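To convert, note that position 445 of the sequence shown is 444 in numbering that gives the first Met the number 0; the numbers rise steadily by one, no gaps.
Where a beta carbon is used, it is the ideal one built from N, C-alpha and C, also for glycine.
If you're wondering where the values come from, they're calculated on a predicted model, not measured in any experiment.
Have a look at the structure below, then the notes.
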Amino acid sequence: MPQHLAELSDAVELILQRVPGPLRVAAPLGIGKPHRLLNALYDRIERDPSRPLLLLTALSLDPPAPKGDGLEARFFKPFGARHFGEDFPRLRYVQALKADALPAHIQVEEFYMQSGALLHSRQMQRRYVSLNYTLAADGVAQRAPNVIVQKVARDPQARPGDPVRLSLSCNNDTTQDTLEAIARRGLPRPLLVAEVDPQLPWIGGTASVAETFFDVVIDPPGPYPALFALPRQPVSDTDYAIGLYASTLVRDGGTLQIGIGTLADALSHALVLRHTDNAAYRRVLHALDPELLHHPAVIESGGMAPFQVGLYGCSEMLNEGFRLLVQRGVIKRRVLDDAALMQRLADGSADAQDHARLQAEGEYLHGAFYLGSPEFYDWLRNLDHDQRRAIGMLRISQINQLYGGHEALERLQRVQARFFNSCMMATALGAAVSDGLDDGRVVSGVGGQHDFVSMAHALHDARSVLMLRAVRGEGERVESNLRWNYGHTTIARHLRDVFVDEYGIADLRAQSDEDCIIAMAGIADARFAAPLLEQAKAAGKLRRDFAAPAHWQRNAPQHLAQALAPFRRDGTLPDYPLGSDFTDTEQRLVRALTWLKASTGTRGGKLRTVARSVFSRTPADAIALRRMDLEAPRGIGEHLMARLLRLALAQTA
Numbered sequence: 000m001p002q003h004l005a006e007l008s009d010a011v012e013l014i015l016q017r018v019p020g021p022l023r024v025a026a027p028l029g030i031g032k033p034h035r036l037l038n039a040l041y042d043r044i045e046r047d048p049s050r051p052l053l054l055l056t057a058l059s060l061d062p063p064a065p066k067g068d069g070l071e072a073r074f075f076k077p078f079g080a081r082h083f084g085e086d087f088p089r090l091r092y093v094q095a096l097k098a099d100a101l102p103a104h105i106q107v108e109e110f111y112m113q114s115g116a117l118l119h120s121r122q123m124q125r126r127y128v129s130l131n132y133t134l135a136a137d138g139v140a141q142r143a144p145n146v147i148v149q150k151v152a153r154d155p156q157a158r159p160g161d162p163v164r165l166s167l168s169c170n171n172d173t174t175q176d177t178l179e180a181i182a183r184r185g186l187p188r189p190l191l192v193a194e195v196d197p198q199l200p201w202i203g204g205t206a207s208v209a210e211t212f213f214d215v216v217i218d219p220p221g222p223y224p225a226l227f228a229l230p231r232q233p234v235s236d237t238d239y240a241i242g243l244y245a246s247t248l249v250r251d252g253g254t255l256q257i258g259i260g261t262l263a264d265a266l267s268h269a270l271v272l273r274h275t276d277n278a279a280y281r282r283v284l285h286a287l288d289p290e291l292l293h294h295p296a297v298i299e300s301g302g303m304a305p306f307q308v309g310l311y312g313c314s315e316m317l318n319e320g321f322r323l324l325v326q327r328g329v330i331k332r333r334v335l336d337d338a339a340l341m342q343r344l345a346d347g348s349a350d351a352q353d354h355a356r357l358q359a360e361g362e363y364l365h366g367a368f369y370l371g372s373p374e375f376y377d378w379l380r381n382l383d384h385d386q387r388r389a390i391g392m393l394r395i396s397q398i399n400q401l402y403g404g405h406e407a408l409e410r411l412q413r414v415q416a417r418f419f420n421s422c423m424m425a426t427a428l429g430a431a432v433s434d435g436l437d438d439g440r441v442v443s444g445v446g447g448q449h450d451f452v453s454m455a456h457a458l459h460d461a462r463s464v465l466m467l468r469a470v471r472g473e474g475e476r477v478e479s480n481l482r483w484n485y486g487h488t489t490i491a492r493h494l495r496d497v498f499v500d501e502y503g504i505a506d507l508r509a510q511s512d513e514d515c516i517i518a519m520a521g522i523a524d525a526r527f528a529a530p531l532l533e534q535a536k537a538a539g540k541l542r543r544d545f546a547a548p549a550h551w552q553r554n555a556p557q558h559l560a561q562a563l564a565p566f567r568r569d570g571t572l573p574d575y576p577l578g579s580d581f582t583d584t585e586q587r588l589v590r591a592l593t594w595l596k597a598s599t600g601t602r603g604g605k606l607r608t609v610a611r612s613v614f615s616r617t618p619a620d621a622i623a624l625r626r627m628d629l630e631a632p633r634g635i636g637e638h639l640m641a642r643l644l645r646l647a648l649a650q651t652a
């Protein structure tokens, strides 16, 4: 039986007693990381250089902490206190990494970082480990960890006398795979330590383990800090256009994987719109591109009709979008871990008994970890019986690859798979830049992107779709994200498939280099298409007499805004399609601050905007100004902030 403890300090002392010498601690990514236990361990080790610590983990989540007293800080500080909680346990080692102040006897290695959060940390950049998600478990095993710590859930419906079980819940991704990789290497089994969190949703199935799986189980006293929750962000015109184009590449009866962020939110909303209000969906698409219905990729790989059979969700991460897709009846195609039955379904020979069993035992949503909003966590906590048994948390070796031992079954389950992921930049020849910069610094990590791109090529009818915004920056600083070349790539050009941005779809699979260049230039912002073509011609990759078609000039932000404006006004494309964590006043402020940031992105823009605010006679929005503590400004700085905010609120009303 595991040793039960109530105090974190006792758990730290027990770990130090049971594991002599240097500590090599593995912890899950995301919200499965036991923050309070890790902080207690860090505090103890920081003072004791005789006990070196190596922490092996990923995605160490840390709430934003804007500095100073500017508009951004005034907006975020009250929101952050409400959303994350005043007592949220910020990870001590992350704070040290951000300041490059990690003690010499403590090291942290991550294979995936919170996007951009550690870009300027020299210590973290040196210790980043570049791995596909499917290789992470073996990568950890190579370091011979002697402790694994994990946050777990108890079954709230367990009856007295039942065998005690714990759920890996949000992170069934790598723990069991890591233990098997350690055993294959002939290394001793590490000390397994569980921290129970009553707020963590219970997930059964293969995420459930006997209490004896762990050596130590900690039930720390309350109050319990809130689970880390990602604030849901507004979806822009650009993001909506990308999501709408991407949604036309999904085939009814297929399989869906999506990432996280506003592009995934836009895609999820577009799929729901396609299913629940198909007429409105088609009107939006026609406004974007009247010829989209005839696009070869849409004809060959997608569709625009509502979902009769529905989709099966199979994604390394479950997020807010999947909640909406389940609730609105898009995710509903069930699969079963029975290859013979799945084969009968595929060839049409399944009988009534097969279909009855599929409905009774089948699952329609699989993931390896989850991360989302408070509403998403509440949804998971309160699933009804049918939904709970239809959602399974699996190992990453099952989700992210075909070659984990059940290839035949997974091919039958993952028919017409569409793998949607985001990238920062793409080249005209089809390589993608998703995780890092050309100076070697890492923004986030490879994660599972390469896994899914490779799987799209391995499955007979699957497609990999990489979504990106055509440009970044504002005004004089705007740059194209479609490059001729870049000094770092995440996805090599020989794995090129489909790219989608706000101006359309570029299908590159099995196309010649020249055809790829034309397709990518065709979805570039009109300001950057000609230079891209000239670079291709100079390299001898594009015929000299090629001339850009006239309709490429429509690839402009103003045309996009004009096309979508009616649907933004009538609510077809709302700012927050998956719900909002902001109050109504905060939503107005988000729009205003977004406008203000774009308008002051250059020196000239800043001067013009300040001048407008000084001479503007816009009416005061007292509620918004009060929320920002600017209703009665004090001093020149606050008066200027108040005027800028009043102008921005008026411009975005």
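- In the structure shown, residue 522 falls within a coil segment according to DSSP collapsed to helix, strand and coil.
- Using a C-beta cut-off of 8 Å, the stretch 352-365 makes no contact with the stretch 164-171, since fewer than three inter-stretch Cβ pairs fall below that distance.
- Distance from the CA atom of residue 350 to the CA atom of residue 337, rounded to whole angstroms, is 15 Å.
- Here DSSP, grouped into helix, strand and coil, assigns residue 451 to helix.
- Taking 8 Å as the cut-off, the beta carbon of residue 391 is found closer than this to the beta carbon of residue 205.
- The Cβ-Cβ distance between residue 273 and residue 246 falls below 8 Å.
- A check of alpha carbon separations from residue 233 across 131, 581, 612 and 56 identifies 581 as the nearest.
- Beyond the five residues adjoining it in sequence on each side, residue 248 comes within less than 8 Å, by CB distance, of 296, 297, 300, 301, 417, 462, 464, 497, 499 and 504 in the same chain, given in chain order.
- Using a Cβ-Cβ distance cut-off of 8 Å, the stretch 569-579 and the stretch 530-546 are not in contact, since fewer than three pairs of beta carbons, one from each stretch, lie closer than that value.
- Shown here for residue 525: same chain residues with a beta carbon closer than 7 Å to its own, the five before and five after excluded, namely 551, 552, 554 and 555 in chain order.
- Contact between the stretch 221-230 and the stretch 437-451 is absent: fewer than three C-beta pairs spanning the two stretches fall below 8 Å.
- Contact between residue 468 and residue 389 does not hold, since the beta-carbon distance rounds to 34 Å and is not under 8 Å.
- Residue 566 has no beta-bridge partner at all, per DSSP.
- The three-state reading of DSSP puts residue 510 in coil, since its state is none of H, G, I, E or B.
- Between residue 502 and residue 437, the beta carbon gap of about 25 Å keeps them out of contact (Cβ cut-off 8 Å).
- Beta-carbon to beta-carbon, residue 14 and residue 190 are separated by about 7 Å, close enough to satisfy the 8 Å threshold.
- A straight-line Cα-Cα distance of about 7 Å links residue 623 and residue 588.
- With contacts defined by Cβ atoms closer than 8 Å, residue 515 and residue 404 do not form a contacting pair.
- In the DSSP assignment, residue 497 falls within the unbroken beta strand (DSSP E) covering 497-500.
- From the listed residues 87, 394 and 163, the smallest Cα separation to residue 213 is found for 163.
- For residue 396, there is no enclosing beta strand (DSSP E); the enclosing alpha helix (DSSP H) covers residues 395-398.
- Rounded to the nearest angstrom, the gap between the Cα atoms of residue 186 and residue 149 is 20 Å.
- Within its own chain, the residues whose Cβ lies closer than 6 Å to the Cβ of residue 11, once the five positions on either side in sequence are excluded, are 39, 40 and 43, listed in chain order.
- The beta strand (DSSP E) runs of length 3 or more contained entirely in the stretch 230-259 are, from start to end of the chain, 254-256.
- Residue range 105-109 is occupied by the beta strand (DSSP E) that includes residue 109.
- A straight-line Cα-Cα distance of about 20 Å links residue 70 and residue 603.
- When secondary structure is reduced to three states using DSSP, residue 150 falls in the strand class.
- Counted as a single uninterrupted DSSP element, the stretch harbouring residue 391 is not any alpha helix (DSSP H) but the beta strand (DSSP E) occupying residues 390-392.
- Note on geometry: alpha-carbon atoms of residue 579 and residue 175 lie some 35 Å from one another.
- Approximately 15 Å separates the beta-carbon atoms of residue 65 and residue 87; this is outside 8 Å, ruling out the contact.
- For the pair of segments examined, the stretch 477-493 was found not to touch the stretch 256-275: the number of CB pairs separated by less than 8 Å stays below three.
- Around the CB of residue 328, fewer than 16 other CB atoms lie within 10 Å, so the residue is classed as exposed.
- Closest by C-alpha distance to residue 326, out of 368, 315 and 387, is 387.
- For residue 470, the pairing in a beta bridge is given by DSSP as 479.
- By the CB criterion at 8 Å, residue 7 and residue 219 fall inside the cutoff.
- Taken through DSSP and simplified to helix, strand or coil, residue 133 comes out as helix.
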